[in-house]
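Numbering (the UniProt record's numbering), first residue to last: 1 to 435.
Take a look at the structure:
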């Protein structure tokens, strides 16, 4: 057994024990396992298939039942965001039942989305104080930092040495990393000393991962969140952000090779670049499919019909296999129709609105960095949105984790404000009695 395997097993089963004591650790353990899924890792090939993530979910539910009465009570909690995912799940099952081209594969998609919806609700529900939120977020941050380490040790051009569930190639992994990078940047600028050190040491490895992935979509996503961070952040912190951006740019120029710049430069002349042109053919084919199947084709439907609807690439696909649509939004349209788009955009807009309100209320809750976390999540969503323009990220779990985190921040902040109000009223009552 390799040392890496042993470390994973120690951390995993320690997480199981912690989860049985406090159910929020099940959220952290799920995120940890997602980033270290044994069947996808070189060190996990010899381990038995324990259904690692399913075991985490089962133990988390058991802990919730056992410890429900011990969990901190929240003031006026709201979980309305979950209804967008519930609606999407029900619609997936409807399409799979009545109009799907490949019902078996479509049902599998619906089933996986249903499981994810349950997991997202658990994330929303189980985190009950800012310390627990801090523990979960740092599990995510450290897990992504480890991706950067692996890419440095094992990666090469267009190969990162690591994959994860629903992220089995370099474009998906780099988009995931790009989405979490705002936490590294903002924690480096605003965190405690040890947080600054950890994020400062991690950022070069993550930039190196983005370069090795050589994903134009992920690189563009990083550029967009860099510009947005400078625009959104106000006051003195903005100039620290500018210094951070300059440092990031210098790192890119130091680490990037000729292959990276050659591929990125193709964005200027996309009409002359093969993969960009093929995307246009695929998107046109997706529109034609939707016209013929307005309710959606169901899961995997695009791949089933793409050769018939994209004749420009038919010969190549007959040799290499069917292509995907290479766009989150065209994928939703062609698989789940306009109703699917409504559900997806409803979830996204609702999440951004929750986070916007958290940021506005943050001046009344200085005890925790609600503003920083809310902004990092907003920028992460936008990063995935940008990457999703040319890649399929509908089933990227981190997108929905961010929604769960938004709900947690809202509920914790409302609870903190209510508790402060109650404490103030008690002081007034006591003062009145003394008078």
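Every residue gets a Cβ at the ideal spot worked out from N, C-alpha and C, and that includes glycine.
Computed from a predicted model, the values in this text were never measured in an experiment.
7 Å CB neighbourhood of residue i in its chain, flanking five on each side removed
i           : result
residue 365 : 413, 416 and 417
residue 63  : 19, 20, 23 and 26
residue 313 : 278, 281 and 323
residue 230 : 238, 241, 242 and 245
residue 130 : 368 and 412
residue 72  : 128 and 129
residue 156 : 212
residue 219 : 210 and 264
residue 387 : 175, 178, 217, 218, 221 and 393
residue 116 : 397 and 400
residue 352 : 378 and 381
residue 403 : 81, 120, 347 and 351
residue 114 : 89
residue 40  : 163 and 164
residue 339 : 91
Sequence-distant residues of its chain with Cβ nearer than 6 Å to residue i (five each side left out)
i           : result
residue 112 : none
residue 190 : 372
residue 100 : 106 and 298
residue 84  : 343, 346 and 347
residue 171 : 215 and 391
residue 288 : 309
residue 121 : 82
residue 196 : 188
residue 74  : 411 and 415
residue 47  : 38
residue 77  : 411
Beta-bridge pairing of residue i - partner residues as DSSP gives them
i           : result
residue 159 : 156
residue 167 : 164
Spatial neighbours of residue i in its chain, beta-carbon cut-off 8 Å, leaving aside the 5 residues before and after
i           : result
residue 16  : 29, 55, 56 and 59
residue 226 : 245 and 248
residue 149 : 205
residue 103 : 96, 97 and 298
residue 158 : 170, 212, 213 and 214
residue 180 : 140, 141, 144, 380 and 398
Cβ-based burial, residue i [other Cβ within 10 Å; buried from 16]
i           : result
residue 406 : buried
residue 176 : buried
residue 153 : exposed
residue 328 : buried
residue 254 : exposed
residue 52  : buried
residue 335 : buried
residue 236 : exposed
residue 140 : buried
residue 345 : exposed
residue 283 : buried
residue 424 : exposed
residue 332 : buried
residue 409 : buried
residue 259 : exposed
residue 50  : exposed
residue 147 : buried
residue 136 : buried
residue 427 : exposed
residue 300 : buried
residue 306 : buried
residue 208 : buried
residue 449 : Nothing about residue 449 can be reported from this structure: the residues present for the chain run from 1 to 435 only.
residue 65  : exposed
residue 173 : buried
residue 132 : buried
Check: residue i C-beta below 7 Å from any heavy atom of the ligand FMN
i           : result
residue 283 : Ligands in the displayed structure: none, and consequently the ligand FMN is not present.
Between the stretch 88-103 and the stretch 25-36, do at least 3 Cβ pairs fall closer than 8 Å?
-> no
Count the CB pairs spanning the stretch 160-167 and the stretch 385-404 that are closer than 8 Å, and state whether there are at least three.
-> yes
Are at least three pairs of beta-carbons, each pair with one atom in the stretch 349-366 and one in the stretch 314-323, less than 8 Å apart?
-> no
Does the stretch 97-111 come within contact of the stretch 1-8, defined as at least 3 CB pairs closer than 8 Å?
-> no
Beta strand (DSSP E) runs contained entirely in the UniProt domain "DUF5935" (6-146), provided each spans 3 or more residues | none
Counting pairs of beta carbons, one from the stretch 248-262 and one from the stretch 289-297, are three or more of them closer than 8 Å?
-> Because the criterion of three Cβ pairs below 8 Å is not met, the stretch 248-262 and the stretch 289-297 do not touch.
Does the count of Cβ pairs from the stretch 350-358 and the stretch 378-387 closer than 8 Å reach three?
-> yes
Alpha helix (DSSP H) runs wholly inside the stretch 178-238, at least 4 long, in chain order | 193-213 and 216-232
At what residue ranges does the stretch 363-390 contain a whole run of the alpha helix (DSSP H), taking only runs of 4 or more?
-> 370-387
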